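Step one of this worksheet: look at the structure below.
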Amino acid sequence: GFEVMVLDGGYKNYRRWVLERFALSYSIRILGGFTGSGKTEILRQIEQTGSISEAAKKVGMNYKKAWSHIKILEEYIEDDLVITKKGRGEDSGTKLTSKAKELISLYKTLDEDIKNYSKQRFKELFLDKNMIKTKENIDV
Numbered sequence: 005g006f007e008v009m010v011l012d013g014g015y016k017n018y019r020r021w022v023l024e025r026f027a028l029s030y031s032i033r034i035l036g037g038f039t040g041s042g043k044t045e046i047l048r049q050i051e052q053t054g055s056i057s058e059a060a061k062k063v064g065m066n067y068k069k070a071w072s073h074i075k076i077l078e079e080y081i082e083d084d085l086v087i088t089k090k091g092r093g094e095d096s097g098t099k100l101t102s103k104a105k106e107l108i109s110l111y112k113t114l115d116e117d118i119k120n121y122s123k124q125r126f127k128e129l130f131l132d133k134n135m136i137k138t139k140e141n142i143d144v
C-alpha cells in the first residue's frame with residue numbers, strides 16, 4: 005500500500021513541504037544490473053558481522069538470497085568476494101576479500117556522485133530558472 009498524507013494550508017504549504025523533501029538525503033536503489041544497493045549492503049553487513057547468515061537477517065533477506073547475490077557479483081566480477089571458514093574458532097566465519105572492499109568503496113562513490121548530480125541538475129532545471137521558489141523567498 006501507499007502512505008497518504010493530507011497537507012493543510014494550501015499550495016504554499018505544499019510547496020514548502022516539497023522543498024523540504026529535496027533537502028533530505030535519500031538512498032538510491034538500482035533495480036537492475038550487476039551490482040546495486042542490495043548486493044552491496046550484503047557485503048557491508050558481512051564485513052560488520054562476519055557472517056552471511058547474520059548479514060542476511062540485518063538486511064531482511066533469507067540466507068539463500070544473500071548467497072545468490074554474492075554468487076552473481078562474483079560471476080560478473082570474475083573474482084572471489086568472500087572467504088568462508090567453517091568451525092567455531094576465532095578465525096571462523098566469513099571475511100571479505102580486498103576486491104569486495106574495493107567494490108563497496110566504488111559503489112559508495114557512485115551513490116554519492118548520483119546524489120550530487122541529481123541535486124545540481126534539479127538546481128539547474130528548477131531553481132535557477134525560478135520554476136520553484138526556495139524556502140528563503142516563499143511568501144507565506
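The sequence shown begins at 5 in this note's numbering and counts up one residue at a time.
Glycine residues also receive a C-beta, built at the ideal position from the N, C-alpha and C atoms.
All figures in this text were calculated on a predicted structure; none of them were measured in a lab.
Count the other C-beta atoms from every protein chain shown that fall within 10 angstroms of the C-beta of G64, then say buried if there are 16 or more, exposed otherwise.
So G64 counts as exposed.
Given that a residue counts as buried once 16 or more other Cβ atoms are within 10 Å of its Cβ, and exposed if not, what is K43?
Buried is the call here.
Where the alpha helix (DSSP H) containing T113 begins and where it ends:
Under the DSSP assignment, T113 falls in the alpha helix (DSSP H) whose first and last residues are S102 to F126.
Thinking just about the alpha-carbon of each residue, which of Y15, V8 and G5 is nearest to the one in I136?
Minimum Cα distance to I136 is reached at Y15.
Between which two residues does the alpha helix (DSSP H) harbouring K69 extend?
Per DSSP, K69 is one residue of the alpha helix (DSSP H) stretching across Y67 to I81.
Are the Cβ atoms of K103 and L131 separated by less than 8 Å?
Not closer than 8 Å, so no.
Give the secondary structure of I34 by DSSP, where H, G and I count as helix, E and B as strand, and everything else as coil.
Low confidence applies to I34: its pLDDT is 49, below 50, so where it sits in the model is not reliable enough to give any reading.
Short of 7 Å in beta carbon distance, which residues of its chain neighbour F126, apart from the five on each side in sequence? Order them along the chain.
Hits under 7 Å: F26.
So what's K62 in DSSP terms, helix, strand or just coil?
In this structure, K62 counts as helix in the three-state DSSP scheme.
Buried or exposed: where does Y111 fall if 16 or more other Cβ atoms within 10 Å of its Cβ makes it buried?
Result: buried.
Within 10 angstroms of the Cβ of E7, are there 16 or more other Cβ atoms? Answer buried if so, exposed if not.
Exposed is the call here.
Report the three-state DSSP secondary structure of I56 (helix, strand or coil).
DSSP places I56 in the helix class (H, G or I) of the three-state scheme.
Cutting at 7 Å between CB atoms, please list the residues of its own chain near K89, excluding the five before and the five after it.
Excluding sequence neighbours, K89 sits near D95, S96 and G97.
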